[in-house]
Amino acid sequence: MSWARDVWEGFSTVLVGMNITWRHLFVNKVTLHYPEEKWQLPPKSRMRLFMKYEDCIGCGQCARACPVDCIYIKTDKRAPTAPAIWAADGTPIKLDTKLFDIDMSLCCYCNLCTYPCPTNCIYMTPEYEFASTDLTNHLYHFAKPNAKFLTVNPKAPAKAAAPGAPAPAAPSPGTAPKPGEPEPSKA
Amino acid sequence: MSTDLQGGYGWRVDEIDTDEMILNMGPQHPSTHGVLRIELRTDGEVVRAARPHIGYLHRCFEKHAESVDYPGVIPYTDRMDYVASMGNSLGYALAVEKLMGIEVGPYVQTIRVIMAELQRIASHCIAVGTYGMDIGAFTPFLHLLRDREKILDLFEWTCGARLLYNYNWVGGVSHDVPEGFVKACRQFLREFDAITYPEMIDLLIKNKIFIKRTAGIGICSPELAVSYDLTGPNLRGSGPPRDLRRDEPYIGYENYEFEVVVGEGKFGPRGSCFDRNWVRALEMKESAKILHQAVDRLEKMERADVHEKVPKRVKPAKGEVYARSEAPRGQLGYYIVADGTGINPYRVKVKSPCFTAMSIFHVLAKGMYIADIIALIGSLDVVLGEIDR
Amino acid sequence: MDLVFNLLPEALPHWARVGLAGVVCAVILVTLMALGPIAYVYVETKIAGFMQDRIGPKRVGPHGLLQTIADAVKLMFKEAIYPAGADKKLFILAPCLVVVGAFLSFVVLPFGSRLQAADLNVGLFYVVAVSSISTVGLIMAGWASNNKYALFGAMRSAAQIVSYEIPAVMVLLTVVTLVGSLSLQDIVWAQHGGLSRWFLFRYFPLMPVAFVIFFTAGLAECNRAPFDIPEAESELVAGFHTEYSGFFFAMFFLAEYTEMFVISVVASVLFLGGWMAPHPLLQQVGPIGLGPLWLIAKAWSLVFVMMWLRWTLPRLRVDQLMYVAWKVLLPISMVLVVAVGGLALWPPTANGFPWDRWAGWILTPLLFAYLAYMIVAARRWSARRTREMAA
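Protein chains in written order, with this note's numbering: chain A, 1 to 187; chain B, 1 to 389; chain C, 1 to 391.
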């Protein structure tokens, strides 16, 4: 009789379900007690953006790559009399970045801005606790008026030292070797 | 035509019988899987007509795609079906690669398969879990979400994001899998096979009350399903064994052995809400099977550069392409038109599986009880982000 | 009540003594019983959390113990909104009726051999009758809300409660045939002599089926899952209490949990031996009787089972609910009434089947052993998983 089978199945599946939930009463809970315990984010986590202003060469590739246009860059050519400055990987900085703002409220955390950067100065950090009650706090200003740029080419001594060459003469501060000009220490 | 929006309703006043009631399941409702508005014309408890109103989540995706460059569209595609984001970006990447004639290597293909199948399990976790919750069983939802969290942890470890990954790029993937990924994936699969899947079946799918609630309603015959262009689990629940991974294999699916799950009509007529849900639940098991094979393959391969085939500048020649893939919700198709100048697409059109699934709603809803309307929406597994784009 | 009556000074006139005794009993009962739902709501949220692999409330007070108090205070301070066009008198009267219907049953519940407010000789009949007052309150709530959704919910709820009364009462009849009296104290005394004399194990397996039917029907009376379509949150309507906010909602809540407790106590009295201990030796500790403790323990276990069922099972649809009541529970209960009545009248089985004596003493330890085994298995699995995750 299908009626009897229905009743029996109804009863037995209820008991099977109760078995599972009884067991679950006693397993360890998966709750993370935030904020006393915090989840360890993997280093690649894509949370708040950070830009190291001292390494920015002002190329604007990140702003071009951004799909939501949340990076605002304004640059000026550096005056010819201004001292030459370099980024940490040896790229000379030819532009003055007057304005570098990232609007994190627009950012979609896609990470597309970090790939085109030639000096790897913009990257996403695992910092996620930056909630604020004022939306304008999400506009981050990275252009610092009193930033200390590198005035010595950090990679130059390694580049100028050819095997067998005499002791390399470090270029005097302010005179970076222009492309085409023979190296002063070339033998 | 009853499309007159008189008084805010979709029916003209003279069409309404006097003893019928218009009931509005408004955009804010806990069970409509997004912002969906359904107008029901009911006669007591029985629904005589139903009309869904969509568009509350329209974000102009297709227009945005015309103003960003090809790689920049991928974050936008993530946000369409936000529950199964890997599938969306995969479909788009496949379309642009077809347009430009790029073939990715086997290493990247294996990674893509792993990510797609993990995403399929995660998406079906939400589908089956929320369906159970709509029916009234609150506990399986949380168990399945706990396991979805494990998958999301794997994704976060790989690419840094938990929900919207920007992972499948044109010509490759954004990040290589980290060291130890294979071990972690196997650990997840072990727990899935031993605990999550059997418990879900016992606690929810085989429960007599659940079966009684879902097995006799929303019956969709195969002809009706095909004529309304249902795809994915919605179509397979009614019988036709059409799965793009089997019929038009992409990213190497021909190398994996898996069954195409089809609704069997075990507890009622074939094509009921239960069958569609049954297909989703069993597909999780099949995805786990594919994952086992893919992870084994990945382990034996040596690492390759995942950015190898990624073009510096995506600038396809003039042309158009339509590429489709099997997203967790059905057949997701991208139609891309490139005009040969500029780095932005000329037109990106998305064929969304949930949109076509929603179109059958008013047919299946006739004659149901109001309580079953909820069950019907859940069984079609709609995500409004994809319907509205 | 006799206790209190006897404690009062004899100098008072008889009517004053009776009146005062009644008032004191009522105050004690209402106070104690009104504190119950506070604990039940907390336990329910904690159990829901634990079954779902998460912790329930934990911030308000140590381990979240003050959560319900916080909820109750919030509900009391919420604005009581009266919908436009609602019938105000009925709107306010409805929750009162529902609460009254739940609380009136406490009069006859026996907590000990002399701890009972009134040992009516139609005690069981009184409980059934009084619990139907809530139904009137429900319909009033739906009607007075001036809201078609609430009316839907109220009608469904009323139909559900009325339908499930019938199998419940039929099953009560089986117990009454065994005892011969409707008085709840008599029913408890008829089960004295230890675990094997409890009606749950009489005419095994007939009376366990009766217990299951009574418990299921009782679940439906309280609108608890899997029969909670009238108050389902994810359905179209929030049921008859859609329009109620603030304190009125708290009253409906209170009534539901109190009703749960009442059904559990009645089930324990009828089938699980009431305030009788499983073995006569455990009944007294010196001069102090442990009766109330045993009854509360049994009732609370049944309340726990009700909560367990809620978080395990999906909901039944209204017509399926009706199907279960009329086509499953009712025929089985009718058969049971005839069978148990016949067996009780037939001299060889007048005192039960011969294997009844061992049924209780074998099955109960088996059940507890199985539950304990599941606990041990779960803990071992958790420990193994923690070790694996750390590796």
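Just so it is clear, CB atoms sit at the ideal spot from N, CA and C, and this is done for glycine as well.
Sequence-distant residues of its chain with Cβ nearer than 7 Å to residue i (five each side left out)
i: Ile-387/B; result: Ile-54, Ser-352, Cys-354, Phe-355, Met-358
i: Ala-11/C; result: none
i: Val-4/C; result: Ala-21, Val-24, Cys-25
i: Leu-138/C; result: Val-98, Ala-154, Ser-157, Ala-158, Phe-240
i: Asn-111/A; result: Arg-46, Met-124
Spatial neighbours of residue i in its chain, beta-carbon cut-off 8 Å, leaving aside the 5 residues before and after
i: Phe-267/B; result: Ile-211, Ala-215, Phe-274
i: Met-80/B; result: Phe-61, Asn-88, Val-350, Ser-352, Gly-385, Glu-386, Arg-389
i: Leu-172/C; result: Leu-124, Val-128, Phe-214, Leu-270
i: Ala-93/B; result: Ile-74, Asn-168, Trp-169, Val-170, Gly-171
i: Leu-376/B; result: Ile-217, Gly-218, Cys-273, Phe-361, Leu-364, Ala-365, Met-368
i: Thr-119/A; result: Asp-55, Cys-56, Ile-57, Ala-87, Ala-88, Asp-89, Thr-91
i: Pro-154/A; result: Trp-86, Ala-88, Asp-89, Gly-90
i: Val-104/B; result: Glu-97, Arg-112, Gly-171, Gly-172, Ile-251, Lys-309
Residues bridged to residue i (per DSSP)
i: Ala-141/A; result: According to the sequence displayed, residue 141/A carries His and not Ala. DSSP, once it has assigned bridges, lists Asp-101/A as partnering His-141/A.
i: Gly-330/B; result: Ala-327/B
i: Ile-332/C; result: Paired residue(s): none; Ile-332/C is not in a bridge.
i: Gly-319/B; result: Ala-338/B
i: Trp-86/A; result: Pro-92/A, Leu-150/A
i: Asn-168/B; result: Val-173/B
i: Gln-116/C; result: Its beta-bridge partners do not exist; DSSP assigns none.
i: Val-285/C; result: Ile-288/C
i: Ile-122/A; result: Met-51/A
Cut-off 6 Å between Cβ atoms - residues of its own chain near residue i, not counting five sequence neighbours on either side
i: Pro-75/B; result: Asn-166
i: Gly-132/B; result: Pro-140, Phe-141, Leu-204
i: Arg-280/B; result: His-124, Ala-127, Val-128, Pro-233
i: Phe-103/C; result: none
i: Met-251/C; result: Pro-95, Val-99
i: Val-310/B; result: Trp-169, Gly-171, Gly-172
i: Arg-347/B; result: Val-337
i: Lys-289/B; result: Phe-258
i: Pro-241/B; result: Val-260, Val-262
i: Met-100/B; result: Pro-316
Anticipated Cβ contact below 8 Å, residue i with residue j, distance rounded
i: Thr-196/B; j: Pro-178/B; result: No, Thr-196/B and Pro-178/B are not in contact; Cβ-Cβ is about 24 Å, not under 8 Å.
i: Gln-191/C; j: Gly-273/C; result: 4 Å
i: Phe-271/C; j: Phe-211/C; result: 5 Å
i: Met-260/C; j: Arg-224/C; result: 7 Å
i: Asp-101/A; j: Tyr-72/A; result: 4 Å
i: Ala-65/A; j: Cys-107/A; result: Not quite, the Cβ-Cβ distance comes to about 12 Å (not below 8 Å), so this is no contact.
i: Arg-120/B; j: Pro-328/B; result: 5 Å
i: Leu-282/B; j: Val-261/B; result: 4 Å
i: Pro-43/A; j: Pro-116/A; result: Contact flag wrong, Cβ pair sits at about 21 Å.
i: Ser-238/B; j: Arg-270/B; result: 6 Å
i: Ser-382/C; j: Val-30/A; result: The pair is not a contact, with the Cβ atoms about 10 Å apart (cut-off 8 Å).
i: Thr-258/C; j: Met-33/C; result: 6 Å
Range covered by the alpha helix (DSSP H) that runs through residue i
i: Val-30/A; result: Here Val-30/A belongs to no alpha helix (DSSP H), and DSSP marks it neither H nor E.
i: Phe-50/A; result: Phe-50/A -> not in any alpha helix (DSSP H); beta strand (DSSP E) instead, spanning 49-51.
i: Met-276/C; result: Element bounds for Met-276/C: n/a, residue is neither H nor E.
i: Tyr-115/A; result: Taken as a continuous stretch (DSSP letters only), Tyr-115/A belongs to no alpha helix (DSSP H), as it is neither H nor E.
i: Ala-293/C; result: Reading the sequence as shown, one finds Leu at residue 293/C and not Ala. Element bounds for Leu-293/C: 291-310.
i: Ile-139/C; result: 133-144
i: Asn-24/B; result: Where Asn-24/B is concerned, there is no enclosing alpha helix (DSSP H), although the beta strand (DSSP E) it sits in stretches over 21-25.
i: Tyr-92/B; result: 85-100
i: Met-284/B; result: 273-300
i: Ile-370/B; result: 370-380
i: Met-322/C; result: 318-323
i: Pro-43/A; result: Neither: Pro-43/A is in no alpha helix (DSSP H) and is coded neither H nor E.
N- and C-terminal bounds of the beta strand (DSSP E) containing residue i
i: Ile-38/B; result: 37-43
i: Val-348/B; result: 347-351
i: Pro-52/B; result: 46-53
i: Met-115/B; result: Element bounds for Met-115/B: not the beta strand (DSSP E) but the alpha helix (DSSP H), 106-135.
i: Asp-76/A; result: 71-77
task: Would you mind listing the beta strand (DSSP E) stretches within the segment 27-76 of chain C that are 3+ residues and don't spill past its ends, in chain order?
output: Note on the segment 27-76 of chain C: there is no whole beta strand (DSSP E) run with a minimum of 3 residues.
Alpha helix (DSSP H) segments (min. 4 residues) lying fully within the segment 163-191 of chain C
Those alpha helix (DSSP H) runs which fall completely within the segment 163-191 of chain C and span 4+ residues are 184-189.
**OP:** Could you tell me which uninterrupted alpha helix (DSSP H) segments, each at least 4 residues in length, are contained entirely in the segment 169-232 of chain B, listed from first to last along the chain?
**Re:** Entirely contained in the segment 169-232 of chain B, the alpha helix (DSSP H) runs reaching 4 residues are, in chain order, 181-191, 197-200, 208-214, 222-227.
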